[in-house]
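**Q** Residues 87 to 216 (the working numbering) make up the sequence shown, in order.
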Amino acid sequence: MTLFQSVKRETAARFARFVAVGLINTAFGYAVYALLVLAGLGAQAALICSFSIGVLWNYFTTARFVFEVSGYDRLPAYAGCYIVIYLLNAAALRAALIAGVHPLAAQAILLPAAAILSFVLLSRVLRPQS
87 MTLFQSVKRE
97 TAARFARFVA
107 VGLINTAFGY
117 AVYALLVLAG
127 LGAQAALICS
137 FSIGVLWNYF
147 TTARFVFEVS
157 GYDRLPAYAG
167 CYIVIYLLNA
177 AALRAALIAG
187 VHPLAAQAIL
197 LPAAAILSFV
207 LLSRVLRPQS
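#1: Return the residue from the list N144, G128, C135 and S138 that minimises the CA-CA distance to A106.
#2: With a CB to CB cut of under 8 Å and the five nearest residues on each side skipped, what residues in its chain are close to L174?
#3: Would the stretch 183 to 201 count as touching the stretch 102 to 121 if we require 3 or more Cβ pairs under 8 Å?
#4: State the Cα-Cα distance for the pair L121 and I169, rounded to the nearest angstrom.
#5: What are the start and end residues of each continuous alpha helix (DSSP H) run of 4 or more residues lying completely inside the stretch 127 to 205, in chain order?
#6: Using a 10 Å radius around the Cβ and a threshold of 16 neighbouring Cβ atoms, would you call G126 buried or exposed?
#7: Per DSSP, what kind of secondary structure is A125 in: helix, strand or coil?
#8: Output yes or no for whether 8 Å exceeds the beta carbon distance between T148 and L208.
#9: Check whether the Cβ atoms of L109 and Y164 sit closer than 8 Å, and answer yes or no.
And the structure:
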């Protein structure tokens, strides 16, 4: 097996773990968002709350199970990635709401793009150090 094949296989395995853990993390974050919206909180406020809670939850699951990273030293950079993801998500959510899309449907539609962006950014922050 060549080095390229090895790296490609490792990236594919990591992406598969990211998808599996991401499904759990997404369900958790969306459940928090949905509960807050259904409780009467506005969509943007619910989004910031679910992202804030989700950063810690997701850090532990993603860092440990996807990228095999332990400890807290990468948490600030990880949180920085989530701020970028949040800002883009919030802008897209606002546009969807202005277009008349229901808050729960709007966020559900935006989840796949947010997940792909998350993998790209987080794989750089949580890459195993040589």
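Just so it is clear, CB atoms sit at the ideal spot from N, CA and C, and this is done for glycine as well.
**A** According to the structure shown:
#1: The shortest CA-to-CA distance from A106 to any of N144, G128, C135 and S138 is the one to N144.
#2: Only A200 and L203 meet the Cβ criterion.
#3: Touching, yes.
#4: Going from the Cα of L121 to the Cα of I169 covers about 22 Å.
#5: Counting only runs of 4 or more, we get 129 to 147 and 161 to 184.
#6: Around the CB of G126, fewer than 16 other CB atoms lie within 10 Å, so the residue is classed as exposed.
#7: When secondary structure is reduced to three states using DSSP, A125 falls in the coil class, being assigned neither helix nor strand.
#8: With contacts defined as CB atoms closer than 8 Å, T148 and L208 qualify as a contacting pair.
#9: L109 places its beta carbon 8 Å or farther from that of Y164.
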